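Q:
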Amino acid sequence: MPILEMLIIGLALSMDAFAVTITNVIAYPDLSRFKRLSMPLVFGLLQGLMLLAGFFFGSLLVGYIEAFAGPVALVILVVIGGRMIFEAVRHMRKKKNAEEVPLVTAYKGTAKHARHARPQEEALEAPSKEAGLAVSVILVQGLATSFDALIVGVSLAALSANIVLGSTIVGLVTFLVCLAGLFIGKRVGALLGDKAQLVGGIILILVGIKICFF
Numbered sequence: 027m028p029i030l031e032m033l034i035i036g037l038a039l040s041m042d043a044f045a046v047t048i049t050n051v052i053a054y055p056d057l058s059r060f061k062r063l064s065m066p067l068v069f070g071l072l073q074g075l076m077l078l079a080g081f082f083f084g085s086l087l088v089g090y091i092e093a094f095a096g097p098v099a100l101v102i103l104v105v106i107g108g109r110m111i112f113e114a115v116r117h118m119r120k121k122k123n124a125e126e127v128p129l130v131t132a133y134k135g136t137a138k139h140a141r142h143a144r145p146q147e148e149a150l151e152a153p154s155k156e157a158g159l160a161v162s163v164i165l166v167q168g169l170a171t172s173f174d175a176l177i178v179g180v181s182l183a184a185l186s187a188n189i190v191l192g193s194t195i196v197g198l199v200t201f202l203v204c205l206a207g208l209f210i211g212k213r214v215g216a217l218l219g220d221k222a223q224l225v226g227g228i229i230l231i232l233v234g235i236k237i238c239f240f
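Right, here's the structure in full:
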C-alpha cells in the first residue's frame, strides 16, 4: 500500500483522538505539561498498537469488534463527558450562590473580618482542574478512540500491507495531529472561560455518538 494512502488512513483515524485532545485542554486548562504531552503520546501509541492488533488478531474477532466497539466507546465517553458536565454545572451553581452572598464590609482589617471574608473569597475561587483528568482517564480515552484502528488493521491484513510501516505512520500522524490539538484547545478554552468544562463534556458525548453510529 502506498505511503500516501497510509497517511490518509492515519489522518482519518486520528480525528476522534484530535477532538478528545482539544476537549481535554478546553475542559482542564491547568493541566501540567506532562499530562498535556501524554495525550499525543498515548493516543498515537494506542492507534498504532490497535492497528497491529487488528492485523494479527482481528480476523479471529472481527464480528465481535464490529458489534461491540462502537457501543463500548460510546459508554466510555458518555461516562467521562457526563462527569465533566456534572462538575461544570456544580461549579457554576456554587459560584452563583457565592456571588449572591454579600462579602463582609464592616471591620476591615480586623481579625474578625478576615475570618468571615476568607470563606467568601475561597467560594469564589475556581477549583483546580488539574486533578480532574488522571492519566488513567487519558488511557481509557485513547482506547475508546482507537477501536476503529482494529477494524482497519483487519482490512490491512486482507491486503497484505506492510503493517510495521502502516502502524508507524498511523501512530506518528495521530501524535502530530493531537499535538496540534493542544494548541487549538488552549486558544478555544481561553475564549470559553467558565463554560469550557461544560462544552468539553458535551463534545466528548458527541464524539462517542459519532463513533457508535456513524
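Note that our numbering has the sequence shown beginning at 27, numbered continuously upward. A virtual CB, placed ideally from N, CA and C, is assigned to each residue, including glycine. Note that the coordinates shown come from a computational prediction; the quantities given were computed from them, not determined experimentally.
#1: Restricting to Cα atoms, I'd like to know which of ALA43, ILE111, ASP174 is closest to GLY226.
#2: Is the Cβ-Cβ distance between ALA95 and PHE173 less than 7 Å?
#3: Could you check whether ALA222 and ALA53 sit closer than 7 Å to each other, using their CB atoms as the reference points?
#4: Here's the rule I'm using: 16 or more other beta-carbon atoms within 10 Å means buried, otherwise exposed. How should PRO145 be labelled?
#5: Just mark GLY219 as buried or exposed, buried being the case when its beta carbon has 16 or more other beta carbons within 10 Å.
#6: Find the nearest neighbour of VAL233 within the set GLY89, GLU31, ALA114, PRO97, judged by alpha-carbon distance.
#7: Figure out for me which residue from ILE29, SER58, SER64, GLU92 has the closest Cα to the Cα of ALA43.
#8: Where does the unbroken alpha helix (DSSP H) through LEU191 begin, and where does it stop?
#9: Indicate whether the contact test is met: 3 or more Cβ pairs, each with one atom in the stretch 191-208 and one in the stretch 28-41, closer than 8 Å.
#10: Let me confirm a value: PRO28 is counted as buried when at least 16 other C-beta atoms fall within 10 Å, else exposed. Which label applies?
#11: I'd like the span of the alpha helix (DSSP H) that includes LYS236, first residue to last.
#12: Look up THR47 in the DSSP assignment and say whether it is helix, strand or coil.
#13: If THR49 sits next to ILE229, beta carbons under 8 Å apart, how far is it from one beta carbon to the other, in whole angstroms?
#14: Since SER162 is in the alpha helix (DSSP H), which residue starts that stretch and which ends it?
#15: For VAL163, tell me which candidate among LYS61, LEU77, PRO55, LEU39 has the shortest Cα-Cα distance.
#16: Select from GLY70, LEU224, PRO55, LEU57 the residue whose C-alpha is nearest the C-alpha of LEU198.
#17: Output needed for LEU159: all residues of its chain with C-beta closer than 8 Å, excluding positions within five of it in sequence on either side, in chain order.
A: This is what the structure gives:
#1: ILE111
#2: yes
#3: yes
#4: For PRO145, the pLDDT reaches just 47, beneath the cut-off of 50, and the residue's location in the model is therefore unreliable, leaving the point undetermined.
#5: exposed
#6: PRO97
#7: SER64
#8: 189-218
#9: yes
#10: exposed
#11: 222-239
#12: helix
#13: 5 Å
#14: 161-170
#15: LYS61
#16: GLY70
#17: ASN50, ALA53, TYR54, LEU57, LYS61
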